[in-house]
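Taking it in order: structure first as structure tokens, then the write-up.
Next comes the structure, spelled out in structure tokens:
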């Protein structure tokens with residue numbers, strides 16, 4: 010064959026190859042479509058009403074879904090056309106999201122689509138990771154643009170880049186807004202701010218440089234309807250203990266405030282109480298050190314909250330007089346939770362038995378203990394429960410069962426309708 014004929018032959022073959030490639034692509038598409046149709050026929054979810062299948066999909070979500078193809082709800086878009094249609098038509102699947110920092114730049118393109126799929130639903134957002142040195146301004150701008158729709162906001166500083174090339178970020182304070190001024194978070198009901206746990210290798214650096222009261226209070230200032238606030242392992246930079254009345258942040262709607270995971274952190278962490286006035290607070294959880302250093306009594310005197318539930322965890326502080334002063338300021342208290350300290354508990358139980366004026370509305374007492382309880386303490390506990398007719402819940406690790414007369418007294422109280430739940434590894438009454 011001549012050169013010209015060979016060229017023509019090659020062109021013909023190329024044309025045929027292109028034709029068959031296109032045909033193969035069409036066949037692949039038809040195959041995928043047939044698979045989806047088969048899945049729709051065989052899939053029991055596809056035969057369910059949309060409101061039921063969407064409810065099933067909702068149960069597959071984590072509280073804060075990640076925006077990845079391998080995580081629901083994004084994963085649901087890749088199963089079949091029916092699942093995809095249900096997922097896209099269910100705004101509740103898109104009302105929450107977890108954003109990890111550092112994050113990819115294309116997240117700024119995904120977020121508007123995600124929030125649009127949530128339609129007009131209130132949003133729950135978890136910002137997690139290095140929220141100091143690795144903050145992404147373009148992503149944060151999109152989040153604060155939807156701030157008026159935020160119902161739950163959680164800030165979890167659980168990673169700290171502080172080695173090698175990341176050392177320069179060590180002096181950057183925790184400030185999620187930077188130079189921006191977001192619109193008020195009118196729907197925000199719950200704010201959670203979590204720091205690194207005390208045992209983390211970089212916890213000391215964070216304590217020195219990262220958290221200041223002004224940065225912690227700033228999101229609260231934007232939330233006029235906040236109901237619940239949780240501070241978890243937040244070591245604040247030291248600041249003056251006394252705050253003038255005019256300088257305190259008043260949150261008239263906040264009803265629940267919890268300080269968590271603070272037993273090994275210096276007591277300055279609960280100093281944020283001195284910056285707040287909470288006249289509607291009903292549920293408070295703080296470490297016992299807030300009693301020992303006087304911070305709790307100052308807060309109670311200033312705010313005069315109608316507390317119904319109080320939890321004092323850890324057994325730091327042995328001065329019952331300070332605890333007694335605090336309890337006298339909250340006659341509305343109905344549920345009291347405390348960690349066992351022999352000296353304090355003996356005096357508390359005796360006072361509850363002998364004085365009706367201390368905590369006159371108390372209905373429930375929860376005591377945590379990891380130590381042995383003396384026979385005297387058991388009998389004092391029985392007298393207090395019997396006199397006040399309160400629901401007792403005793404939680405702890407392995408310890409000896411109470412004396413037989415105490416067990417008999419508890420069983421008699423249970424027979425009279427008193428709720429008693431005493432649990433340990435080796436015995437239970439209830």
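Residue numbers (the working numbering): 10 to 439. C-beta atoms are modelled at their ideal positions from N, C-alpha and C, and glycine is treated no differently. Computed from a predicted structure; not experimentally measured.
Review point. For residue 269, which beta-bridge partners are listed by DSSP?
Key: Taking the first residue of the chain shown as position 1, residue 269 is located at position 260. In the DSSP output, where bridge partners are listed per residue, residue 269 has 241.
Check your understanding: In chain order, which beta strand (DSSP E) runs of at least 3 residues are fully inside the segment 289-348?
Key -> 292-296, 318-322 and 344-348
Practice item. Return the first residue and the last residue of the beta strand (DSSP E) that residue 160 is part of. Key: Position 151 of the chain shown, counted from the start, is the residue given in the question as residue 160. Counting along the chain, the beta strand (DSSP E) containing residue 160 begins and ends at 159-165.
Check your understanding: For the alpha helix (DSSP H) that residue 152 lies in, which residues bound it at each end?
Key -> Within the chain shown, residue 152 is the residue found at index 143, counting from 1. First-last of the alpha helix (DSSP H) with residue 152: 146-154.
Review point. What separation, rounded to the nearest whole angstrom, lies between the Cα atoms of residue 88 and residue 63?
Key: As a first step, residue 88 is located in the chain shown; it is residue number 79 there, counting from the start. As a first step, residue 63 is located in the chain shown; it is residue number 54 there, counting from the start. Rounded to whole angstroms, residue 88 to residue 63 spans 14 Å at the Cα level.
Exercise for review: May I ask you to check if the CB of residue 427 is nearer than 7 Å to at least one heavy atom of the ligand SAM?
Suggested key: This structure lacks the ligand SAM, and indeed carries no ligand of any kind.
Check your understanding: Between which two residues does the alpha helix (DSSP H) containing residue 3 stretch?
Key -> Nothing can be reported for residue 3, as the shown portion of the chain is limited to 10 through 439.
Check your understanding: Can you give the beta carbon distance from residue 372 to residue 333, rounded, assuming they're within the 8 Å contact cut?
Key -> Counting from 1 along the chain shown, the entry for residue 372 is found at position 363. Counting from 1 along the chain shown, the entry for residue 333 is found at position 324. In fact, because the Cβ distance is near 20 Å, the residues do not count as touching under 8 Å.
Practice item. Give the DSSP bridge partners of residue 258, in chain order. Key: Residue 258 sits at position 249 when you count from the first residue of the chain shown. Bridge partners of residue 258: 285.
Review point. Are the segment 33-52 and the segment 65-81 touching by the rule of at least three beta carbon pairs closer than 8 Å?
Key: no
Review point. Under the three-state reduction of DSSP, which class applies to residue 140: helix, strand or coil?
Key: The count along the chain shown starts at 1 and reaches residue 140 at position 131. If DSSP states are grouped into helix, strand and coil, residue 140 belongs with coil.
Exercise for review: Could you tell me whether the Cβ atoms of residue 316 and residue 290 are closer together than 8 Å?
Suggested key: Taking the chain shown and counting its residues from 1, one reaches residue 316 at position 307. Taking the chain shown and counting its residues from 1, one reaches residue 290 at position 281. For residue 316 and residue 290, yes; Cβs fall inside 8 Å.
Exercise for review: Could you name each continuous alpha helix (DSSP H) segment of 4 residues or more that falls completely within the segment 410-434, going from the start of the chain to the end?
Suggested key: 413-424
**Study point:** residue 510 - DSSP class collapsed to helix/strand/coil
**Key:** The structure shown does not extend to residue 510, since the chain is modelled only from 10 through 439, so no value can be given for it.
Point to revise | residue 383 burial status per 10 Å Cβ neighbour count (16 or more: buried) | key: Mapped onto the chain shown, residue 383 falls at position 374. Classification for residue 383: exposed.
Point to revise | Whole-angstrom distance between residue 191 and residue 161, CA atom to CA atom | key: To locate residue 161, count along the chain shown from 1; it is residue 152. To locate residue 191, count along the chain shown from 1; it is residue 182. In a straight line, the C-alpha of residue 161 is about 16 Å away from that of residue 191.
Point to revise | Own chain partners of residue 177 with C-beta closer than 6 Å, once the 5 adjacent residues on each side are dropped | key: Looking up residue 177 in the chain shown gives position 168. Confidence at residue 177 is low in this model, with a pLDDT of 42, below 50, so its placement is unreliable and no value can be given for it.
Point to revise | Exposure label - residue 426; buried when at least 16 CB within 10 Å | key: Position 417 of the chain shown holds residue 426. Residue 426 comes out exposed.
**Study point:** Beta-bridge pairing of residue 404 - partner residues as DSSP gives them
**Key:** The residue given as residue 404 occupies position 395 in the chain shown. Bridge partners of residue 404: 377.
Check your understanding: Within 10 angstroms of its Cβ, does residue 389 collect 16 or more other Cβ (buried), or is it exposed?
Key -> Here residue 389 refers to the residue found at position 380 when the chain shown is read from its first residue. So residue 389 counts as buried.
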